[in-house]
Structures are given as structure tokens and as C-alpha cells.
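Numbering (this note's numbering), first residue to last: 2 to 220.
Shown next as C-alpha cells:
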């Protein structure tokens, strides 16, 4: 039987949080407007798993009401009791390109000590494409956490600010192939710049096939 708004709403009202998780999953089959309303409701569920599922999915239909989803995601980012829910909120803010949340993302990044939340924010900043994130991303390039470093490399590429090029080029010789892979992706945003073309030539001969394939695709 096909899922309807009413049947999903009934599951969402269940006292069993497993039913409520099922409800969130079934919202993918509903019309965007109906799914949006129910996801907003589920995003405030008492169980963290339900909130996480709803906030992770809301980016698919968040264009239904930009102001409402911005307020909902900012509240989750700033106040939710669970780190992974806050990280999911950062992910969705980035996916929806809600640059109005930049100051909040920056503040949370600087105040939290949780690596998952910081990593999600770095990735979100790249999707936002907000030039205000340049300095924060530049600082993250020096992180001892390789995940932070690769996220910052990718985000700087997405900003498409040529001021990032001299910051990115030294990573051509990074010992971690995953870093070089992300670098090749980032440099593809600047493939008309001579220095970048030279770096891509080097990456096209990388020992890692994954790195080489990305570089060759943009030469």
C-alpha cells in the first residue's frame, strides 16, 4: 500500500520511536510540501534518532519555506543536546546554501571541541560558498586532523577564490593520497590558471589511480 500523509502522520504519532523513524523514511515518498511539514514536526521529536533522521533529510525539501527551515536548522545547530544532530543541521544548512547561518556556523566551530561537529561545519562552509569563510578554512589547513585538512582543501576549492591557490599547491606532495585526491578536486575549480595546470600535470601521474583520474579529467 502506498504511503500517504495520513498514514505517515499516524506512524509519527506512535509512542514507539522505531515507528517514528519509519515515518521519517516514508516521507521520501510524499509530495515535497507534505514531507516538509512532517519533517519539521519530526525534527523536534523527543528521541535524538528521529531528530537526526528528519534534519538529515530536510535539505531535500527545504526550499518549501526558506525562513522556517533556516530557523529550525539554526536552533538544532545551536541548542540540540546531541552532537550528531547538530552536525546534521550543519550539513543541511550547507546543502541548502543558507548563508544567513554563516555567523552561527563560525561561532559553533570556534567554541566546540567535538571533531564531528567541526568537520561537518568545514564541509558546510564549502557548500555555502560564502567568501567570509576563507580565513577559517585557511586556518583549518594547518590542522593536525587530516579530515579537517581535506575538508578545508575541498571547501577552499568550492569558494573559487584564486587567493587560495598558493595555499593549496603545497599539498601536491602530501603523503596522504586522500589529501591529494581532494586537492585535485579542489584545483579543478581553477583549471585555467597556469600554476594549477602544472600541478594537475603532476597529479595526473600520481601513484594513486584515483588521484590521477581526477587530474586527467580536468587537463
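Heads up, the beta-carbon is just placed ideally off N, CA and C, and yes, glycines get one too.
Continuous alpha helix (DSSP H) stretch holding residue i: start and end
i, result
"residue 1", "This structure gives no information on residue 1, because the portion of the chain shown stretches from 2 to 220."
"residue 61", "Unbroken run through residue 61: none, as it is neither H nor E."
"residue 186", "178-188"
"residue 33", "33-43"
"residue 108", "103-112"
Euclidean distance between Cα positions of residue i and residue j
i, j, result
"residue 210", "residue 179", "11 angstroms"
"residue 140", "residue 16", "46 angstroms"
"residue 90", "residue 169", "28 angstroms"
"residue 146", "residue 190", "24 angstroms"
"residue 194", "residue 150", "23 angstroms"
"residue 56", "residue 109", "18 angstroms"
"residue 125", "residue 197", "25 angstroms"
Residue i - DSSP class collapsed to helix/strand/coil
i, result
"residue 144", "coil"
"residue 127", "helix"
"residue 167", "helix"
"residue 193", "coil"
"residue 219", "coil"
"residue 26", "helix"
"residue 13", "helix"
"residue 2", "Here residue 2 scores only 47 on pLDDT, less than 50, and its place in the model should not be relied on; the value that follows carries that caveat. In this structure, residue 2 counts as coil in the three-state DSSP scheme."
"residue 161", "coil"
Residue burial classification, residue i (beta-carbon count within 10 angstroms, cutoff 16)
i, result
"residue 218", "exposed"
"residue 163", "exposed"
"residue 220", "exposed"
"residue 21", "buried"
"residue 221", "The requested residue 221 does not occur in the structure, where the chain is confined to residues 2 to 220."
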